[in-house]
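Shown next, in structure tokens, is the structure this report addresses.
Chains as they are written, first to last, in my numbering: chain A, 1 to 164; chain B, 1001 to 1164.
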């Protein structure tokens, strides 16, 4: 695969079908609660409704016919240059191919392009989320903060940060 | 002042006039940017529109004719029992009378009533916000996290927490 082809397949604007595709992928990962899945879909709908005026930016990655993964990011309100990666999810049937890393690199490239300085990603400290935390660490993120029992008793919030 | 009178004056539902009263108080403190002032007013409008269905809960404190201070809090999305104090502001003409502490105690009482376990409050690490940080510390809050350069270069985010 050439470098040009490797960059192909990213899409930045949402289309109506993304609602169901995002719901499918986010649900299939098994990592998110029903409430979180609804939020993931709502962010897609916000982008659909507002286009470039939306505070939520997307990177969709398609292969063949369907969506194989996506990321959603935005500048954190009342900050100058601090961005949050709200969502990053890869179809479980397509994991282990480096798609998550490609999505993350593309998200970071677009954040830098917008003048972003910091990228944050929050996840759970529970054992179930060890693969997620290792993913952020492999992508060069460091733990910036841990709040024990934040999400629920026994469920810490771990905040990762990368300086661009 | 009797204990009963000390509890008097709190109001929990917003009225139309709160939009301008909150704008007046939040602006007058001199602590908030225009964007932040707009957000403060938007949260009041959310409560006005949705009533008890709003995710934003309020404690308004009136003395005589007008509003002298208010607080706004809510359960942090996707958590069980972690609450954020989004806003707490006292009319500068009425500061130094313990109104902030009374508001905070009432906020915490209402959070505990709803089953809340943790209360969080975020503020800036800049020197200008030293009185704010000292206020949280006097109210029994401890620093749970510091993210340097979060709001802007040289402007850290300090997250305070109190366990109920």
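Beta carbons are placed, not taken as given, at the ideal position from N, Cα and C, and that holds for glycine. Bear in mind the structure is a predicted one, so any value in this text is a computation, not a measurement.
Query, Result
"Given residue 1146 of chain B as reference, the closest of A/128, A/154, A/151, A/161 once Cα atoms are compared", "A/161"
"For residue 1038 of chain B and residue 1055 of chain B, the rounded distance between their alpha carbons", "17 Å"
"Whole-angstrom distance between residue 1029 of chain B and residue 43 of chain A, CA atom to CA atom", "34 Å"
"Below-8 Å beta-carbon distance, residue 1164 of chain B vs any chain A residue", "no"
"Distance between residue 1064 of chain B and residue 57 of chain A (C-alpha atoms, nearest Å)", "47 Å"
"CB-CB length for residue 1111 of chain B against residue 1164 of chain B, believed under 8 Å", "7 Å"
"Option in A/123, A/88, A/115, A/83 with minimal Cα separation from residue 158 of chain A", "A/123"
"Within chain B, the residues that residue 12 of chain A reaches when beta carbons sit closer than 9 Å", "Ordered by position in chain B, no residue passes the 9 Å Cβ test against residue 12 of chain A, which lies about 25 Å from the chain."
"Sequence-distant residues of its chain with Cβ nearer than 6 Å to residue 132 of chain A (five each side left out)", "123"
"Beta-carbon spacing of residue 1108 of chain B, residue 1090 of chain B below 8 Å", "no"
"Beta-carbon gap between residue 76 of chain A and residue 82 of chain A smaller than 8 Å", "yes"
"Contact list for the region 1069-1085 of chain B against chain A, Cβ threshold 9 Å", "1076, 1077, 1078, 1079, 1080, 1081, 1082"
"Backbone CA spacing between residue 1068 of chain B and residue 1140 of chain B [nearest angstrom]", "23 Å"
"Contacting residues, own chain, Cβ-Cβ under 6 Å from residue 121 of chain A (five flanking each side not counted)", "85, 136, 160"
"Nearest candidate by alpha-carbon position, reference residue 1051 of chain B, set B/1026, B/1014, B/1024, B/1020", "B/1014"
"Bridge partners - residue 91 of chain A, DSSP secondary structure assignment", "Beta-bridge pairing links residue 91 of chain A to no other residue."
"Distance CB(residue 125 of chain A)-CB(residue 62 of chain A) smaller than 8 Å", "no"
"Contacting residues, own chain, Cβ-Cβ under 7 Å from residue 1045 of chain B (five flanking each side not counted)", "1019"
"Under 8 Å between C-beta atoms of residue 1080 of chain B and residue 40 of chain A", "no"
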